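**Student:** Starting off with a structure, shown below.
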Amino acid sequence: MTLRVTGKVVTPTGVTRQGCVEIVGDRIRAVAEYPSVRDGHWIVPGFVDMHTHGGGGHTFTTGDVESAREAAAFHLRHGTTTLLASLVSSPFSLMREATTAYRPLVESGVLAGVHFEGPYLSADRCGAQNPEFLRDPSTDELAELIELGGGAVRMVTLAPERDGALEAIKLLAARGVVAAVGHTDATWAQTRAAVAAGASVGTHLFNGMRPVHHREPGPVIALLEAPNVVCELVADGVHLHDGMLAFATSVAGAERAALITDAMAAAGMPDGEYELGGQAVTVSGGVARLSRDGAIAGSTLTMDAALRHAVAAGIAWPDACRMVATTPARAIGLGDQVGALQPGLRADLVVLDDDFNVVRVMRGGAWVE
Ligand SMILES: [Zn+2]
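Quick note on numbering: numbering that gives the first Met the number 0 labels position 56 of the sequence shown as 55, and the sequence is numbered without any gaps.
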């Protein structure tokens, strides 16, 4: 049986004003012109969030399976059909437990993988990461986690200036795990060395990084200029000035700029007191900050809100759609499975109204209740 979803279809090559996505089983069979349709809702690819710590009051950072399911379900209602569970810096024992706990969720498709944001990060640029847990990269630890995960460990963020970082990056790249540069005080040259060793993602570009200086361009410039690096951007108007968001996007292009939420448990929840990696977080006016020193502690974004924000900041509509789906899917090695309205890919799509609010979400050919 063929299911047809009709409307204004956004594909990687543009917009089909009178279009239709044909679905058989859990796959997209065709994207076609459908002359009987005039306008209707937007149909965009299901969102791919490669960096999120939780949402809806639930967190990934503790390794708890039920919380992880709830957080994934919360983001699914906001159109995120593929996501990585991001864990902040933790003791190795927790990293091991979380990998074991989440492996079945990755195998059953609830999560697309685990992202360890740390603990191999810069103390000077730790942001809301717990400084207690920061340490030099360990290839032994990484090899054990990769083995334990059986494919569940998909991305690791580290600071290239730490001892052993280049060996760690080489190990990750060789084992098919994305090495991401972030929470770093690296110089331009150190970042270039990380990219040469196989790093292919810049973790929330600008945030938790040595800033740009004209005599020391630092990680931001090195990541923006590297043709094989995808740069994550938090489009909430808090982490980044809209002018910086638009500028970075124009430099990297939509094929190398990925919107992420970096959401914590408070996404979709009222202001109040929360917790991130063992630290108290206060959310006020939707902005999450460490109670201790006011450092930005993740966001309260969802991907649909990020998309709306990016468009309001002046990013072209088809580009913004690529930045929430196609580009992050490719960045985490899933571009041949999800991230675009294209025949053969999994039937993940979001129906949006003219204000880009979520109307319906489909994952694997089935509407989300
Ligand atoms: Zn971070």
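Where a beta carbon is used, it is the ideal one built from N, C-alpha and C, also for glycine.
Given the structure is predicted, the values throughout are model-derived calculations rather than measurements.
I'd like to know if the segment 48-56 and the segment 75-84 are in contact, where contact means that at least 3 CB-CB pairs between them fall below 8 Å.
**Tutor:** yes
**Student:** Since D335 is in the alpha helix (DSSP H), which residue starts that stretch and which ends it?
**Tutor:** Taking the sequence shown and counting its residues from 1, one reaches residue 335 at position 336. Taken as a continuous stretch (DSSP letters only), D335 belongs to no alpha helix (DSSP H), as it is neither H nor E.
**Student:** For L222, which residues of its own chain have a beta-carbon under 8 Å away from its beta-carbon, when the five flanking residues on both sides are left out?
**Tutor:** Counted from its first residue, the sequence shown places residue 222 at position 223. Around L222: V180, T190, V194, G201, L204, V228 and C230.
**Student:** For ligand 1, any of its heavy atoms closer than 7 Å to the Cβ of T60?
**Tutor:** Position 61 of the sequence shown, counted from the first residue, corresponds to residue 60. Here the distance from the Cβ of T60 to the nearest heavy atom of ligand 1 is not below 7 Å.
**Student:** Around the C-beta of T60, are 16 or more other C-beta atoms found within 10 angstroms, so that it is buried, or is it exposed?
**Tutor:** The residue labelled residue 60 in the question sits at position 61 within the sequence shown. Buried: at least 16 other Cβ atoms inside 10 Å.
**Student:** Mapping the DSSP letters down to three states, classify C125 as helix, strand or coil.
**Tutor:** Translated into positions along the sequence shown, residue 125 becomes position 126. Coil at C125, not helix or strand.
**Student:** Any idea which residues DSSP pairs P44 with across the strands?
**Tutor:** For the purposes of this step, residue 44 is identified with residue 45 of the sequence shown, where counting begins at 1. L348.
**Student:** Looking at E116 and ligand 1, is the gap between the Cβ and the nearest heavy atom below 7 Å?
**Tutor:** Locating residue 116 in the sequence shown gives position 117, where the first residue counts as 1. Yes, Cβ of E116 sits closer than 7 Å to a heavy atom of ligand 1.
**Student:** If you measure from the CB of H238, is any heavy atom of ligand 1 nearer than 7 Å?
**Tutor:** For the purposes of this step, residue 238 is identified with residue 239 of the sequence shown, where counting begins at 1. No, since every heavy atom of ligand 1 falls outside the 7 Å radius drawn around the Cβ of H238.
**Student:** Is the closest heavy atom of ligand 1 to the C-beta of G181 under 7 Å?
**Tutor:** Numbered from 1 along the sequence shown, position 182 holds the residue referred to as residue 181. Yes, since a heavy atom of ligand 1 falls inside the 7 Å radius drawn around the Cβ of G181.
**Student:** Cα-Cα, which of A111, R288, W366 and E166 is closest to V152?
**Tutor:** As a working note, residue 152 is residue 153 in the sequence shown. Of A111, R288, W366 and E166, the residue nearest in Cα terms is A111.
**Student:** P218 and M208 look like a contact to me (Cβ under 8 Å); what is the Cβ gap, rounded to whole Å?
**Tutor:** Walking along the sequence shown from the start, residue 218 turns up at place 219. Walking along the sequence shown from the start, residue 208 turns up at place 209. So it is a contact: roughly 5 Å between Cβ atoms.
**Student:** Where in the segment 64-125 do unbroken runs of the beta strand (DSSP E), each at least 3 residues long, occur, reported from the N-terminal end onward?
**Tutor:** 79-86 and 112-116
**Student:** Tell me, please, whether the segment 156-176 touches the segment 117-133 by the rule of three or more beta-carbon pairs shorter than 8 Å.
**Tutor:** yes
**Student:** Per DSSP, which one or two residues make a beta bridge with V4?
**Tutor:** By one-based count along the sequence shown, residue 4 stands at place 5. V4 pairs with V20.
**Student:** Please give the ranges of any beta strand (DSSP E) in the segment 260-332, keeping only runs that are unbroken, at least 3 residues long and fully inside the region.
**Tutor:** 271-275, 278-283 and 286-289
**Student:** What residues are listed by DSSP as bridge partners for G13?
**Tutor:** As a working note, residue 13 is residue 14 in the sequence shown. The partner list for G13 (beta bridge, DSSP) reads T10.
**Student:** Under a Cβ-count criterion, where at least 16 other Cβ atoms within 10 Å of its own Cβ denotes burial, should S199 be classed as buried or exposed?
**Tutor:** Taking the sequence shown and counting its residues from 1, one reaches residue 199 at position 200. Per the 10 Å Cβ criterion, buried.
**Student:** Going by the DSSP bridge assignment, what does M208 pair with across the sheet?
**Tutor:** Position 209 of the sequence shown holds residue 208. In the DSSP output, where bridge partners are listed per residue, M208 has T183.
**Student:** Mind checking whether the beta-carbon of H203 lies closer than 7 Å to any heavy atom of ligand 1?
**Tutor:** Taking the first residue of the sequence shown as 1, we reach residue 203 at position 204. Yes, the Cβ of H203 comes within 7 Å of a heavy atom of ligand 1.
**Student:** Is the segment 307-327 touching the segment 8-20, taking contact as three or more C-beta pairs under 8 Å?
**Tutor:** yes
**Student:** How long is the line joining the alpha carbons of I42 and L340, rounded to whole angstroms?
**Tutor:** Walking along the sequence shown from the start, residue 42 turns up at place 43. Walking along the sequence shown from the start, residue 340 turns up at place 341. If you take the alpha carbons of I42 and L340, they lie about 9 Å apart.
**Student:** Measure the alpha-carbon distance for P342 versus R26 and round it to whole angstroms.
**Tutor:** Along the sequence shown, read from residue 1 onward, the residue named residue 342 stands at position 343. Along the sequence shown, read from residue 1 onward, the residue named residue 26 stands at position 27. For P342 and R26, the distance between alpha carbons rounds to 7 Å.
**Student:** Thinking E32 and G13 are a contact (beta carbons under 8 Å), I'd like their distance in whole angstroms, please.
**Tutor:** Against the sequence shown, residue 32 aligns to sequence position 33. Against the sequence shown, residue 13 aligns to sequence position 14. With 8 Å as the limit, E32 and G13 do not qualify as a contact, their Cβ atoms being about 12 Å apart.
**Student:** Our contact map puts D261 next to H114 with C-beta atoms below 8 Å; I'd like the distance itself, whole angstroms only.
**Tutor:** Residue mapping note: residue 261 aligns to position 262 of the sequence shown, counting from 1. Residue mapping note: residue 114 aligns to position 115 of the sequence shown, counting from 1. Contact flag wrong, Cβ pair sits at about 11 Å.
**Student:** What does the alpha-carbon distance come out to for the pair L348 and H213?
**Tutor:** If you number the sequence shown from 1, residue 348 lands on position 349. If you number the sequence shown from 1, residue 213 lands on position 214. Spanning the two alpha carbons is a distance of roughly 43 Å.
**Student:** Please look up how many angstroms separate the CB atoms of I295 and G126, rounded, as I've assumed it's under 8 Å.
**Tutor:** Along the sequence shown, read from residue 1 onward, the residue named residue 295 stands at position 296. Along the sequence shown, read from residue 1 onward, the residue named residue 126 stands at position 127. Their Cβ separation, rounded to whole angstroms, is 7 Å, which keeps I295 and G126 in contact under 8 Å.
**Student:** Would DSSP call T60 helix, strand or coil?
**Tutor:** If you number the sequence shown from 1, residue 60 lands on position 61. Coil at T60, not helix or strand.
**Student:** Quick check: F73 and G364, are their CB atoms within less than 8 Å of each other?
**Tutor:** Within the sequence shown, numbered from 1, the residue matching residue 73 stands at position 74. Within the sequence shown, numbered from 1, the residue matching residue 364 stands at position 365. No, Cβ-Cβ distance for F73 and G364 is not below 8 Å.
**Student:** With a 10 Å radius around its C-beta and 16 neighbouring C-beta atoms as the bar for buried, classify D235 as buried or exposed.
**Tutor:** One-based indexing of the sequence shown puts residue 235 at position 236. So D235 ends up on the buried side.
**Student:** What is the DSSP secondary structure of T51, counted as helix, strand or coil?
**Tutor:** As a first step, residue 51 must be located in the sequence shown, where it is residue number 52. Strand at T51.
**Student:** Which whole-angstrom value describes the C-beta separation of A167 and T138, a residue pair presumed to lie in contact below a C-beta threshold of 8 Å?
**Tutor:** Start at 1 with the first residue of the sequence shown, and residue 167 comes out as number 168. Start at 1 with the first residue of the sequence shown, and residue 138 comes out as number 139. Confirmed, Cβ separation roughly 6 Å.
**Student:** Apart from the five residues just before and just after A256, which ones in its own chain have a Cβ nearer than 7 Å to its Cβ?
**Tutor:** By one-based count along the sequence shown, residue 256 stands at place 257. Hits under 7 Å: C230, L232, A247, T248, M322 and T326.
**Student:** For R336, is the classification buried or exposed, using 16 other Cβ atoms within 10 angstroms of its Cβ as the cut-off for buried?
**Tutor:** Your numbering for residue 336 matches position 337 in the sequence shown. Note on identity: in this sequence residue 336 is Gln, with Arg being the wrong assignment. By the beta-carbon neighbour count (other beta carbons within 10 angstroms, threshold 16), Q336 is exposed.
**Student:** Return the residue from the list G297, G149, G276 and P226 that minimises the CA-CA distance to A100.
**Tutor:** The residue you call residue 100 lines up with position 101 of the sequence shown. The option with the nearest alpha carbon to A100 is G149.
**Student:** Under three-state DSSP, which class holds L133?
**Tutor:** The residue you call residue 133 lines up with position 134 of the sequence shown. It is coil, neither helix nor strand.
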